[in-house]
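Chemist: Handing you a structure now.
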Amino acid sequence: MGQKTHPRGLRLGIIETWDSKWYSERNYAKWLHEDFKIQKFVKEQLARAGISRVEVERVADRCSINIHTARPGIVIGRRGAEAEKLQALLEKEVGCPVRINVSEIREPELDAQLVSEDVATQIERRAGFKQAMRRKISGSIQAGALGVKIMVSGRLDGKEIARAESSIEGRVPLHTLRANVDYGFTEANTTYGKIGVKTWIFKGEIIGVPDNLKGEPSVRRQSGRREDTGSQRSDRRRGDRRSGSRQSGEQGRGRGRRRPRRSGGDSRSDS
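The numbering of the sequence shown is my numbering, which starts it at 19 and goes up by one.
Printed below as a string of structure tokens:
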């Protein structure tokens with residue numbers, strides 16, 4: 019079942035964080051639809067910027083949008099002209115003040131979403147899907163990835179029957195929660211239909227609480243549970259030691275006592 023689980027969804031609150039960071043009781047559905055709309059709008063407007071993730075944070079009536087991109091110059095533009103234009107368009111869509119933060123992805127070969135989009139672009143240009151997968155896998159391994167897996171599915175090479183082909187190099191754990199596995203998915207639009215591209219990139223294991231999750235409520239609960247369980251275990255061990263010492267003392271006392279024996283002569287004389 020590991021291959022059917024979304025790697026990021028499985029690790030949320032453990033080593034992964036959420037794309038939407040806010041809390042609301044009344045406007046939950048409305049804001050959630052707005053977040054989807056914002057993410058789709060930003061990716062459509064900046065299709066050539068190599069955008070991996072769009073995070074939305076809300077505080078009161080203000081909205082902060084964090085854009086993770088491999089080409090920050092396209093997002094910002096000359097003297098921030100493109101960023102201001104995008105900010106004005108987003109304020110019209112959302113209807114509240116918007117602040118844009120741009121984060122640069124320094125190693126795009128280690129970003130699963132960007133790798134899958136690059137493979138999809140090569141397939142749309144009618145390049146061989148096997149060559150495209152091998153090329154991107156070798157590039158990610160050279161960049162420092164411990165394991166890479168790419169899978170394409172659909173009418174590959176225009177065949178009538180759809181199938182799935184995958185290529186893997188290294189180790190890609192699917193059930194280890196501390197494993198930092200990045201996942202990306204996109205679709206290639208071709209003349210004979212859509213082809214799905216999935217990418218898994220294993221970057222190593224994270225031990226402890228990562229920086230992006232410090233202060234989250236789920237992390238506080240887990241740390242509290244760990245402290246409680248640790249104290250409970252120590253109390254149990256102390257109780258077991260005390261009970262064991264008591265039992266050993268009682269057994270020693272029992273061994274020292276001897277039952278009185280009846281003499282055989284007395285019993286015969288009585289009879």
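The C-beta atom is built at its ideal place from N, Cα and C for all residues, glycine as well.
Following the continuous alpha helix (DSSP H) through residue 138, name the residue where it begins and the one where it ends.
Modeler: Position 120 of the sequence shown, counting from 1, holds the residue named residue 138. Taken as a continuous stretch (DSSP letters only), the alpha helix (DSSP H) holding residue 138 covers 130 to 142.
Chemist: My output table needs one value for residue 168: the three-state DSSP class, helix, strand or coil.
Modeler: Here residue 168 refers to the residue found at position 150 of the sequence shown. Residue 168: strand per DSSP, three-state reduction.
Chemist: Suppose you measure from the CA of residue 20 to the CA of residue 84; what does that come to, to the nearest Å?
Modeler: Counting from 1 along the sequence shown, the entry for residue 20 is found at position 2. Counting from 1 along the sequence shown, the entry for residue 84 is found at position 66. In this prediction, residue 20 has a pLDDT of 49, which is less than 50 and means its spatial position is unreliable; what the coordinates show is noted afterwards. Cα to Cα, the separation comes out at about 30 Å.
Chemist: Going by the C-beta, is residue 74 closer than 7 Å to any heavy atom of the ligand HEM?
Modeler: For the ligand HEM, the structure offers nothing, since it holds no ligand at all.
Chemist: Between which two residues does the alpha helix (DSSP H) harbouring residue 91 extend?
Modeler: Translated into positions along the sequence shown, residue 91 becomes position 73. It spans 90 to 94 - the alpha helix (DSSP H) in which residue 91 sits, taken as one unbroken run.
Chemist: Once the 5 residues before and after residue 68 are set aside, which same chain residues still bring their CB inside 7 Å of it?
Modeler: For the purposes of this step, residue 68 is taken as residue 50 along the sequence shown, with counting starting at 1. Taken in chain order, the residues that qualify are 87, 88, 89, 126 and 132.
Chemist: Since I believe residue 38 is in contact with residue 74 (beta carbons under 8 Å), could you give me their beta-carbon distance rounded to a whole number of angstroms?
Modeler: By one-based count along the sequence shown, residue 74 stands at place 56. By one-based count along the sequence shown, residue 38 stands at place 20. Confirmed, Cβ separation roughly 5 Å.
Chemist: Throw me the rounded Cβ distance for the residue 183 and residue 170 pair, which I believe falls under 8 Å.
Modeler: Residue mapping note: residue 183 aligns to position 165 of the sequence shown, counting from 1. Residue mapping note: residue 170 aligns to position 152 of the sequence shown, counting from 1. 6 Å between Cβ atoms; contact.
Chemist: Just the Cα atoms here: how many angstroms apart are residue 330 and residue 176?
Modeler: An answer regarding residue 330 cannot be provided, because it is not within the stretch 19 to 289 covered by the chain.
Chemist: Please go through the stretch 158 to 204 and give each complete beta strand (DSSP E) segment of 3 or more residues, from N-terminal end onward.
Modeler: List check, beta strand (DSSP E) in window: 165 to 172 and 181 to 188.
Chemist: Starting from residue 86, trace the alpha helix (DSSP H) in both directions and tell me its first and last residue.
Modeler: Mapped onto the sequence shown, residue 86 falls at position 68. Where residue 86 is concerned, there is no enclosing alpha helix (DSSP H), although the beta strand (DSSP E) it sits in stretches over 80 to 87.
Chemist: Thinking just about the alpha-carbon of each residue, which of 151, 146, 200 and 141 is nearest to the one in residue 164?
Modeler: Counting from 1 along the sequence shown, the entry for residue 164 is found at position 146. Of the listed residues, the one whose Cα sits closest to residue 164 is 200.
Chemist: Measuring straight from C-alpha to C-alpha, what distance separates residue 214 and residue 208?
Modeler: Reading the sequence shown from its first residue, position 196 is the one you call residue 214. Reading the sequence shown from its first residue, position 190 is the one you call residue 208. When rounded, the distance between both Cα atoms is 11 Å.
Chemist: Do residue 150 and residue 205 have their C-beta atoms closer together than 8 Å?
Modeler: Along the sequence shown, read from residue 1 onward, the residue named residue 150 stands at position 132. Along the sequence shown, read from residue 1 onward, the residue named residue 205 stands at position 187. No, Cβ-Cβ distance for residue 150 and residue 205 is not below 8 Å.
Chemist: If you follow the alpha helix (DSSP H) that residue 49 is in, where does it begin and where does it stop?
Modeler: The residue labelled residue 49 in the question sits at position 31 within the sequence shown. Start and end: 46 to 63.
Chemist: Roughly how far, in whole angstroms, is the beta-carbon of residue 155 from the beta-carbon of residue 185, given that I think they are within contact range, below 8 Å?
Modeler: Residue numbering aside, residue 155 sits at position 137 when the sequence shown is read from its first letter. Residue numbering aside, residue 185 sits at position 167 when the sequence shown is read from its first letter. That belief holds up - the Cβ atoms of residue 155 and residue 185 are roughly 6 Å apart, short of 8 Å.
Chemist: Using the Cα positions of residue 152 and residue 42, report the straight-line distance between them to the nearest angstrom.
Modeler: Taking the sequence shown and counting its residues from 1, one reaches residue 152 at position 134. Taking the sequence shown and counting its residues from 1, one reaches residue 42 at position 24. Residue 152 and residue 42: Cα-Cα distance of roughly 45 Å.
Chemist: Could you check if residue 25 is buried or exposed, using at least 16 other CB atoms within 10 Å of its CB as the buried criterion?
Modeler: Stepping through the sequence shown from its first residue, residue 25 is reached at position 7. Result: buried.
Chemist: Taking residue 210 as the reference, give the member of 192, 180 and 103 with the closest Cα.
Modeler: Stepping through the sequence shown from its first residue, residue 210 is reached at position 192. Ranking the options by Cα distance to residue 210, first place goes to 180.
Chemist: Does residue 285 come out as helix, strand or coil in the three-state DSSP assignment?
Modeler: To locate residue 285, count along the sequence shown from 1; it is residue 267. With a pLDDT of 48 at residue 285, under the threshold of 50, the modelled position of that residue is not reliable, and the figure given next carries that caveat. Looking at residue 285 - three-state DSSP - the assignment turns out to be helix.
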